[in-house]
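*Asks:* Quick one: the structure is below, and I'll ask about it shortly.
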Amino acid sequence: MDTLDVSRWQFGITTVYHFILVPLTIGLAPLIAAMQTMWVVTGKTHWYRLTKFFGKLFLINFALGVATGIVQEFQFGMNWSEYSRFVGDVFGAPLALEGLVAFFLESTFLGLWIFGWGRLPKLVHLATIWLVAIGVNASAYFIIAANSFMQHPVGATYNPDTGRAELTSIWALLTNNTAMAAFPHAVAGAFLTAGTFVAGIAGWWMVRSMRRAKTATAPEAAKLEGDARTMFRPAARLSLLVVIAAGAALVFTGDVQGKLMFEQQPMKMASAESLCHTATDPDFSILTVGTHNNCDGVTHVLDVPFVLSYLAEGEFTGVTLQGVEDLQAQYEEQFGPGNYRPNLFVTYWSFRAMIGLAAGSALLAVAGLWLTRGGRVPDQKWFSWLSVAAIPTPFLANSAGWIFTEMGRQPWVVAPNPTGVDMIRLTVDQGVSHHSVWTVWFSLITFTLLYGALGVVWFKLIRRYAVEGPLEHDAHPPGDDEEPEEPDTPKQLSFAY
Amino acid sequence: MGLEEVWFILIAVLFTGYFVLEGFDFGVGMLMPVLGRRKDADGDTRRRVVLNTIGPVWDGNEVWLITAGGALFAAFPEWYATLFSGFYLPLLLILVALIVRICAIEYRGKIDDDTWRRRCDWGIVFGSWVPAVLWGVAFANIVRGVDINAEKQVTSSLLDLLNPYALLGGLTTALVFALHGAVFLALKTADDVRVDAVELATRLALPTVPVAGGFVLWTQLAYGKGWTWILVVAAAAALVGVIALTRAGREGWAFALTSIAVVASVVLLFASLFPEVMPSTLDAAYSLTIDNASSSPYTLKVMTWAAAFLTPVVLIYQGWTYWVFRQRISTKHIPPSIGLPLGRR
């Protein structure tokens with residue numbers, strides 16, 4: 001592998017790793033804010049316990065999310081310096097705005113939230129977690145606006161004197177229709193992830209508490225059943241409603257995004273469908289076989305008519321879609337010789353994995369809402385299995401979606417906008433830094449090993465705290481039942497590292 | 001004054017903010033094992049006192065670096081690209097250290113186990129020392145100049161970066177941050193931890209004054225401008241004043257002085273650089289300057305508006321956080337560990 005390949009692997013590994021953690025943060029922050037709001041409004045202690053329980057899982061996740069995010073901020077300059085020179089004028093703006101608007105907000109107010117229990121007034125403390133929730137979502141907006149420029153450059157012009165893209169309209173950049181579709185899609189994916197995460201854990205705890213109650217002594221059994229009924233059931237139902245809403249939003253925004261892609265990046269969509277040759281009303285492919293990295297080895301096994309035409313243009317018939325080989329010929333004529341095809345295998349299957357994996361959350365939502373209908377609390381063993389099994393599916397779907405989006409844009413790092421400025425385009429080999437291959441190997445191995453080790457720690461901590469359940473320590477809100485203290489004994493911190 | 005100058009100043013402000021705020025974070029992390037090593041008290045509680053002085057704020061402090069990086073990318077993309085591709089390995093080490101530190105701080109209290117805590121402490125110490133040294137090495141090299149060729153590529157090797165001036169710079173930042181952290185700890189703790197922090201600060205000041213003084217003087221003589229003598233004097237005077245004020249129990253003023261020393265030193269480095277941003281030692285024509293490395297006027301204008309509106313807001317709410325958590329902490333304030341035991345229940 002040469003420097004380009006290693007750099008691409010490195011960016012892929014670190015970004016996918018970062019985006020395992022990010023959606024949970026984005027979705028869980030508002031969910032926890034909602035739980036805390038329920039506590040503040042209703043005064044019911046179980047919402048407080050849920051806030052603290054999921055708050056701990058949130059913080060474990062947030063730490064590694066921040067740690068892996070820092071690398072991304074510098075990796076553009078480290079490994080993709082030529083790209084950074086070419087688009088820095090445009091691309092840097094949303095990144096700096098993200099820092100100024102979002103990162104400061106989330107990090108500062110998260111500190112206030114963690115350490116502010118019992119120190120800040122209740123409503124001020126509630127406001128801090130809402131500001132964190134706003135901050136994490138705002139950061140998603142800015143970084144997706146930056147990414148959308150790479151997919152569909154707008155608001156910029158090419159300066160032949162400096163040989164780089166230059167910003168002409170920040171407004172156009174921030175309202176890029178690609179970003180306007182990608183941002184809600186990613187946020188809906190994040191809400192699906194967090195909703196499934198909370199519902200999965202609460203569902204597992206519901207069944208576990210109900211089954212334990214059967215063999216426990218009478219007071220213990222009453223407590224277990226009470227927890228399942230008054231704490232885990234509302235948590236599960238709240239998060240399952242979030243899953244339903246997020247699922248609907250995903251379908252809608254995904255459809256909008258797909259239609260934009262057919263228009264803006266036809267090669268990506270042709271590749272996602274393994275559509276090799278331009279055709280009118282081609283069928284939607286469900287299954288293909290073959291070696292698949294090129295058009296020669298592709299055999300369509302299972303196809304559905306009308307679907308693809310609708311996905312592309314909202315019409316069932318009369319839609320002509322360009323194929324990979326025809327687009328290749330067209331690009332060669334337009335941009336000179338070169339291979340303009342993405343990896344057909346990865347784009348085809350990541351697209352299907354993204355959509356197919358959503359079934360995990362959907363299944364949990366249907367089963368969970370049905371089993372908890374009319375005040376019921378489930379104790380079926382299979383439901384606890386389903387709850388746990390559903391948790392990883394949205395994480396995988398998020399990764400698959402981003403792998404599709406990013407690898408579908410290959411070989412471009414800034415894909416040419418068919419209706420934009422022609423010269424704003426850059427292939428990945430033009431964007432990479434001039435390092436020796438060993439330098440990049442070294443950082444690739446370093447990050448992979450470090451991330452691997454921290455990933456294991458992250459997973460074990462999340463599992464450990466999820467299995468432990470809401471802690472005794474958090475049974476009562478601070479200041480609720482404290483005995484009057486001696487005036488000269490200092491009040492202990494409500495939280496300390 | 002053109003927008004290029006404005007942004008040069010803003011970048012300097014962001015890095016100054018980062019070094020003032022993370023300076024004592026690093027110092028606290030570097031000194032945690034020193035202050036927690038006492039036999040007569042519970043070492044772990046003392047280490048937790050030390051760590052919790054920065055508990056609610058360290059994450060927000062670190063964002064100054066991220067934002068400085070983003071601002072560099074937006075305002076001076078050529079500087080961003082040349083700097084981070086050119087200083088590849090030092091930056092990689094800094095990133096590794098920061099990653100380890102973040103996780104170590106956040107995860108330390110999550111498991112109630114001595115081995116776990118010891119490993120996290122190592123992470124905090126490693127994650128604080130490495131950037132404290134390497135930022136000094138990096139900035140000294142930026143001021144000194146590195147081999148930048150006509151293609152804006154840094155061709156200096158890693159060994160070139162470890163020259164005497166840069167190593168002195170690294171030693172300086174490490175010592176100054178440690179002192180800054182010790183004074184911060186004296187300001188933020190109570191009882192015996194405070195007594196020990198005062199003691200530690202006065203002892204740290206002794207090597208810090210000559211080393212930092214030497215580095216600042218070298219910078220001034222080799223790269224400084226006429227007016228930057230003020231900064232040299234300010235930095236030196238501030239460091240000398242720290243000893244007396246800490247001894248007298250005036251930690252607030254002592255902390256103001258270490259902050260002034262950090263500000264004066266960082267401003268000196270940036271002022272020595274101006275109007276270049278990365279001088280080339282190969283040929284002055286290859287140097288990156290605020291003019292040939294900056295973004296277009298429109299981008300600079302947009303970013304200026306954004307910075308003008310948002311920076312004061314950030315300063316206000318970060319200042320408020322410091323106000324909320326202004327109380328001193330002692331071992332009596334530390335609650336018992338609520339971490340889970342390692343194994344399953």
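One line per chain: the protein sequences are G and R, in this order.
Counting in full-length UniProt numbering, the first sequence runs from 1 upward without gaps.
Counting in full-length UniProt numbering, the second sequence runs from 1 upward without gaps.
Where a beta carbon is used, it is the ideal one built from N, C-alpha and C, also for glycine.
1. Name the DSSP beta bridge partners of R/W229, please?
2. Per DSSP, which one or two residues make a beta bridge with G/S139?
3. So G/N159 is in the beta strand (DSSP E); what residue range does that whole segment cover?
4. Considering only the beta carbon of each residue, do G/V440 and G/T427 sit closer than 8 Å?
5. So, is R/L171 buried or exposed, given that buried needs 16 or more other C-beta atoms within 10 angstroms?
6. What number of angstroms, rounded off, separates the C-alpha of R/C120 from the C-alpha of R/I290?
7. Can you list, in chain order, the residues of its chain with a C-beta nearer than 7 Å to that of R/T219? Leave out the 5 residues immediately preceding and following it.
8. Can you check the region 238 to 307 of chain G for any alpha helix (DSSP H) of at least 4 residues that lies completely inside it and give the ranges in chain order?
9. When Cβ atoms are compared, which residues of the region 46 to 60 of chain R fall closer than 7 Å to chain G?
10. Can you have a look at R/F19 and say buried or exposed, based on whether 16 or more other CB atoms are within 10 angstroms of its CB?
11. Between R/G123 and R/V100, is the Cβ-Cβ spacing less than 8 Å?
12. Mapping the DSSP letters down to three states, classify R/L83 as helix, strand or coil.
13. Please work out which residues of its chain come closer than 7 Å, Cβ to Cβ, to G/A246, disregarding the five sequence neighbours upstream and downstream, and give them in chain order.
14. Show which residues of chain G have a CB atom less than 8 Å away from the CB atom of R/E78.
15. DSSP three-state label for G/E315, please.
16. Between which residues of its own chain and G/Y158 is the CB-CB distance below 7 Å, once the five residues before and five after are set aside?
17. I'd like the span of the beta strand (DSSP E) that includes R/M278, first residue to last.
18. Closer than 8 Å by beta-carbon distance: list the chain G residues that pair up with R/Y107, in chain order.
19. Nearest chain G C-beta to R/A308 closer than 8 Å, yes or no?
20. If I measure Cβ to Cβ from G/M35 and keep anything under 6 Å in the same chain, skipping five residues before and after, which residues do I get?
21. For G/F58 versus G/A96, is the C-beta spacing smaller than 8 Å?
22. When the distance is taken between beta carbons, is G/G323 closer than 8 Å to G/A279?
23. From this set, G/P23, G/T68, G/F345, G/G200, which residue's C-alpha is nearest G/N294's C-alpha?
24. Where does the unbroken beta strand (DSSP E) through G/V414 begin, and where does it stop?
25. If you reduce the DSSP assignment to three classes, tell me which class G/A216 lands in.
26. Taking R/S280 as the reference, give the member of R/V154, R/T331, R/I66 with the closest Cα.
27. Under three-state DSSP, which class holds R/L168?
28. Determine the chain R residues that contact G/I144 at a beta-carbon separation under 7 Å, and present them in chain order.
29. Can you say whether R/I230 is buried or exposed, counting buried as having 16 or more other CB atoms within 10 angstroms of its CB?
30. When you compare only the Cα positions, how much space is there between R/R250 and R/A264?
31. Classify G/E389: buried if its beta carbon has 16 or more other beta carbons within 10 angstroms, exposed otherwise.
32. So, under 8 Å CB-CB, R/T173 and R/G213 are touching, yes? Tell me the CB distance rounded to an integer number of Å.
33. Consider the Cβ of G/M78: report whether some Cβ of chain R lies at a distance smaller than 8 Å.
34. In the structure shown, what three-state DSSP assignment does G/E166 receive?
35. Could you list the residues in the region 9 to 29 of chain R with a C-beta less than 7 Å from some C-beta on chain G, going in chain order?
36. Which residues, in chain order, does the region 247 to 258 of chain R contribute to contact with chain G at a C-beta distance below 8 Å?
*Replies:* For this structure:
1. In the second sequence, residue 229 of chain R corresponds to position 229, counting from 1. Answer by DSSP bridge pairing: none, since R/W229 is not bridged.
2. Here residue 139 of chain G refers to the residue found at position 139 of the first sequence. DSSP, once it has assigned bridges, lists no residue as partnering G/S139.
3. Locating residue 159 of chain G in the first sequence gives position 159, counting from the first residue. Note, G/N159: beta strand (DSSP E), 156 to 159.
4. For the purposes of this step, residue 440 of chain G is taken as the residue at position 440 of the first sequence. For the purposes of this step, residue 427 of chain G is taken as the residue at position 427 of the first sequence. No.
5. Mapped onto the second sequence, residue 171 of chain R falls at position 171. Looking at its Cβ environment, which holds 16 or more other Cβ atoms inside 10 Å, R/L171 is buried.
6. Within the second sequence, residue 120 of chain R is the residue found at index 120, counting from 1. Within the second sequence, residue 290 of chain R is the residue found at index 290, counting from 1. Taking the straight line from one Cα to the other gives about 42 Å.
7. What you label residue 219 of chain R is simply residue 219 of the second sequence in a count that begins at 1. The residues are V143, L268, L269, S272.
8. 266 to 272
9. Within the region 46 to 60 of chain R, those residues whose Cβ lies closer than 7 Å to any Cβ of chain G are, in chain order, R48, L51, N52, G55, P56, V57, D59, G60.
10. The residue labelled residue 19 of chain R in the question sits at position 19 within the second sequence. It is buried - the Cβ of R/F19 has at least 16 other Cβ atoms within 10 Å.
11. Position 123 of the second sequence, counting from 1, holds the residue named residue 123 of chain R. Position 100 of the second sequence, counting from 1, holds the residue named residue 100 of chain R. Yes, these two residues count as a Cβ contact at 8 Å.
12. The residue labelled residue 83 of chain R in the question sits at position 83 within the second sequence. In the displayed model, R/L83 falls within a helix according to three-state DSSP.
13. For this step, residue 246 of chain G is matched to residue 246 along the first sequence. Closer than 7 Å at the Cβ level, and outside the excluded window around G/A246, lie A188, F191, L192, G195.
14. Here residue 78 of chain R corresponds to residue number 78 of the second sequence, with the count starting at 1. Ordered by position in chain G, the residues that pass the 8 Å Cβ test against R/E78 are R85, G88.
15. Within the first sequence, the letter at position 315 stands for residue 315 of chain G. Reduced to three states, the DSSP call for G/E315 is coil.
16. In the first sequence, counting from the first residue as 1, residue 158 of chain G sits at position 158. Same-chain partners within the cutoff: A165, V421, M423, I424.
17. Against the second sequence, residue 278 of chain R aligns to sequence position 278. Element bounds for R/M278: 276 to 278.
18. Numbered from 1 along the second sequence, position 107 holds the residue referred to as residue 107 of chain R. Going along chain G in sequence order, the residues near R/Y107 (Cβ under 8 Å) are I60, A63, V457, L461.
19. Working through the second sequence from its first residue, we reach residue 308 of chain R at position 308. Answer no: the Cβ-Cβ gap between R/A308 and chain G never drops below 8 Å.
20. Reading the first sequence from its first residue, position 35 is the one you call residue 35 of chain G. For G/M35, where only same-chain residues beyond five positions count, the Cβ hits under 6 Å are W47, L50, T51.
21. Within the first sequence, the letter at position 58 stands for residue 58 of chain G. Within the first sequence, the letter at position 96 stands for residue 96 of chain G. Cβ atoms of G/F58 and G/A96: not closer than 8 Å.
22. Reading the first sequence from its first residue, position 279 is the one you call residue 279 of chain G. Reading the first sequence from its first residue, position 323 is the one you call residue 323 of chain G. The answer is yes: Cβ separation under 8 Å.
23. Here residue 294 of chain G refers to the residue found at position 294 of the first sequence. Comparing Cα-Cα distances from G/N294 to each of G/P23, G/T68, G/F345, G/G200, the minimum goes to G/F345.
24. Taking the first sequence and counting its residues from 1, the one referred to as residue 414 of chain G is at position 414. Taken as a continuous stretch (DSSP letters only), the beta strand (DSSP E) holding G/V414 covers 412 to 414.
25. Here residue 216 of chain G refers to the residue found at position 216 of the first sequence. The answer is coil: DSSP assigns G/A216 none of H, G, I, E or B.
26. As a working note, residue 280 of chain R is residue 280 in the second sequence. The shortest C-alpha separation from R/S280 is found at R/V154.
27. Counting from 1 along the second sequence, the entry for residue 168 of chain R is found at position 168. Note: R/L168 maps to helix in three-state DSSP.
28. For this step, residue 144 of chain G is matched to residue 144 along the first sequence. Neighbours of G/I144 on chain R: none; closest Cβ ~15 Å, over 7 Å.
29. Within the second sequence, the letter at position 230 stands for residue 230 of chain R. When all chains shown are included, R/I230 counts as exposed.
30. As a position in the second sequence, residue 250 of chain R is number 250, starting the count at 1. As a position in the second sequence, residue 264 of chain R is number 264, starting the count at 1. Spanning the two alpha carbons is a distance of roughly 21 Å.
31. Your numbering for residue 389 of chain G matches position 389 in the first sequence. Reading the sequence as shown, one finds Ala at residue 389 of chain G and not Glu. Burial call: exposed.
32. For the purposes of this step, residue 173 of chain R is taken as the residue at position 173 of the second sequence. For the purposes of this step, residue 213 of chain R is taken as the residue at position 213 of the second sequence. Going by Cβ atoms, the distance from R/T173 to R/G213 rounds to 14 Å, so no, they are not a contact pair.
33. Reading the first sequence from its first residue, position 78 is the one you call residue 78 of chain G. So, interface residue.
34. To locate residue 166 of chain G, count along the first sequence from 1; it is residue 166. The answer is strand: DSSP assigns G/E166 an E or B state.
35. For chain G, none of the residues of the region 9 to 29 of chain R brings a beta carbon within less than 7 Å of one of its beta carbons.
36. none
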